[in-house]
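This report concerns only the one structure given below.
Shown next, in the form of structure tokens:
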């Protein structure tokens, strides 16, 4: 947990050279330390141009200074931003001066951690800050922004309130009911708990596909030599990522390219053609291809419409979906039924391929995702649903009350309500220093 007496400092802009660099201070001495570097603090949220100096008065840089009095600031504390030139040397020197004056270097994610602990956001919103920073597509950024606006909490809070209402019913009976009689409330509580459990199950099913916008997916192109894997990769990536020739076995290593498919961040993986080979280098590439397929989230098995007999010996990989894609539709009329027919040469069929990939990952056409989702969210909701499913009409009232308490506690953990110090440490450790 944070030490509220500390004033923390960090560079808030990315490493490297830039036009602007920002140094951020937060804590009880932020205004004092900011004034010792940049002179008297300006009015709240008003940017003024100032010279930045060290304790001996030697000019270090010049730029804008802004003051954000707490609690109406990002962290809920007094915050100062010094916006100067984006020289790593200047920013490092400003940071050293602030530390010399009594500030402490911020830990990763500590500014957002303070915002959470000071009630400026819930835990799901804090996670959304990191998701927004690391978003790889516009769709992922939109979902993270919705989470930052509280969309996940808006979805979870009604479930938590319903569990709380059921707890009131059953605990009132425990406290004031006739203990030697069969519970009159338990059947009704069990019925409502069952309905709520099914609602949470449905919510998890709807949320699960959205996780891919945060984590991205690995899509491996696998097939026999010369079926057009590299050509298809270049077409999907809209760039000459892989070398393409008519010589079988041209691709000898695993090639990777980041792309987006309907807003989903995708790591596209081109692999060596799978076949028996006496070439030692090609055999290494084939083994790497099998390893890449085993680590993929989905496999595209590329077939050749002009050579339907050419087929790779795919490894048995249970749990990894495989889409069969027939390439070279521009060179063949008709062809084997089933699968997707595409042409890497002309681009024909690629829209249908993208739609099939999206559907295979549970993102049906027109299905709107509302917020960013992490594995922790899904696991915690599943825990809450399991507690509700355990409640039966014949269950003793005290066991029903305990399952309701555990279900409500799981939802509180999802939003960071209550004491979960170890969880917070794990979450904020993944943030960048200046956030």
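Numbering (the numbering used here), first residue to last: 3 to 437.
Ideal Cβ positions, reconstructed from N, Cα and C, are used throughout, including at glycine.
Predicted model, so just to flag it, every value in this text is computed and none were measured.
Residue pairing by DSSP places residue 268 opposite 219 and 261 in a beta bridge.
In the DSSP assignment, residue 304 forms a beta bridge with 225 and 327.
Within its own chain, the residues whose Cβ lies closer than 7 Å to the Cβ of residue 33, once the five positions on either side in sequence are excluded, are 43, 69, 80 and 82, listed in chain order. For the set 257, 19 and 381, the Cα lying nearest the Cα of residue 90 is the one of 19.
In terms of CA proximity to residue 221, 291 leads the group 291, 197, 161 and 378. Considering only 171, 405 and 230, the residue with the shortest C-alpha distance to residue 309 is 230. Going by C-alpha positions, residue 27 is about 27 Å away from residue 148.
For residue 10, the three-state secondary structure derived from DSSP is strand. Classified as exposed, residue 94 has fewer than 16 neighbouring CB atoms from the shown chains inside 10 Å of its CB.
Nearest C-alpha to residue 302 among 112, 328, 415 and 108: 328. For the 8 Å CB-CB criterion, residue 374 and residue 198 do not form a contact. Note on geometry: alpha-carbon atoms of residue 204 and residue 213 lie some 15 Å from one another.
Of the candidates 407, 123, 381 and 380, the residue whose Cα lies closest to the Cα of residue 393 is 407.
Proximity to residue 400 across 171, 311 and 139 peaks at 171, based on C-alpha coordinates. Between residue 239 and residue 259, the C-beta spacing is below 8 Å. 115 is the residue among 46, 61 and 115 whose C-alpha sits nearest the C-alpha of residue 129. Around the CB of residue 151, fewer than 16 other CB atoms lie within 10 Å, so the residue is classed as exposed. Here DSSP, grouped into helix, strand and coil, assigns residue 51 to strand. Taking 8 Å as the cut-off, the beta carbon of residue 235 is found no closer than this to the beta carbon of residue 379. When rounded, the separation of the alpha-carbon atoms in residue 359 and residue 325 is 8 Å. The Cβ neighbour count for residue 51, taken over all protein chains shown within 10 Å, is under 16; the residue is labelled exposed. For residue 256, the closest of 268, 348, 232 and 377 by C-alpha to C-alpha distance is 232.
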